[in-house]
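Novice: Each step along the sequence shown adds one to the number in this note's numbering, with nothing skipped, and position 55 is 56.
Here a beta-carbon is modelled for each residue, glycine too, at the ideal position from N, C-alpha and C.
On a predicted model such as this, the values are computed, not experimentally measured, just so you know.
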Amino acid sequence: MNRKIILYLKNRFKEKRTYLIFIGFFILWISLFGIFVLGQTRREIKLNFLDLFSVATFITCLSSLFVLVFKWGFLRGTIERIRSNLETNHQIRNERRMQKMSHQEKEVFHRLEKERLAKKESKKNRSNFGFYLVFVTYLLASIPLILLSMHSFGFF
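Below is the structure:
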């Protein structure tokens with residue numbers, strides 16, 4: 002069991018997609034932090050640096066959770082219906098094209114269609130690991146920062 006988890010994590014950390022997702026959310030965090038810093042004066046930055054840091058971290062955590070909610074299947078039925086309608090329209094369009102083609106063109110078309118389907122199937126096995134990694138990272142970073150901010154305001 003532990004070996005499977007370790008192998009899974011090794012494979013997921015080898016994917017470029019995981020790092021691209023993480024970098025994307027890190028850029029979001031930097032931009033949020035920069036916007037909050039630009040909205041403050043020098044004196045306020047010194048007093049509220051922890052708050053600025055924690056708000057940017059918390060918003061990034063919530064945005065990654067928002068993305069995960071959509072990845073988990075919020076609006077799944079609607080998206081599946083749209084995909085099936087697009088696939089049906091694609092099949093009807095292909096049938097019309099096939100009627101106008103010669104035998105050689107049909108063979109080439111079938112070969113290209115098989116390649117397109119194989120490429121489409123290979124893309125289906127994407128994991129949500131990058132989004133989970135971002136969510137857990139920013140959640141773990143935001144909890145102590147929010148607690149420290151609440152302590153500085155006298156809630157504890």
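Taking the alpha carbon of residue 40 as the reference point, which residue from 29, 31, 53 has its own alpha carbon closest?
Specialist: For the purposes of this step, residue 40 is identified with residue 39 of the sequence shown, where counting begins at 1. For the residues 29, 31, 53, the minimum Cα distance to residue 40 belongs to 53.
Novice: Threshold first: 4 residues or longer. Then list the alpha helix (DSSP H) segments lying entirely within the region 44 to 128, N to C.
Specialist: 77 to 101, 104 to 124
Novice: Is the separation between the beta-carbon of residue 143 and that of residue 50 shorter than 8 angstroms?
Specialist: Position 142 of the sequence shown holds residue 143. Position 49 of the sequence shown holds residue 50. Their beta carbons are not under 8 angstroms apart, which means residue 143 does not touch residue 50 by this criterion.
Novice: Would you identify the three-state DSSP class for residue 40, choosing helix, strand or coil?
Specialist: The residue given as residue 40 occupies position 39 in the sequence shown. The answer is coil: DSSP assigns residue 40 none of H, G, I, E or B.
Novice: Measuring alpha carbon to alpha carbon, tell me which residue in 4, 129, 3, 147 is nearest residue 74.
Specialist: One-based indexing of the sequence shown puts residue 74 at position 73. The alpha carbon of residue 74 has as its nearest neighbour, out of 4, 129, 3, 147, the alpha carbon of 129.
Novice: Between the Cα of residue 121 and the Cα atoms of 88, 99, 96, which residue gives the shortest distance?
Specialist: For the purposes of this step, residue 121 is taken as the residue at position 120 of the sequence shown. Nearest C-alpha to residue 121: 88.
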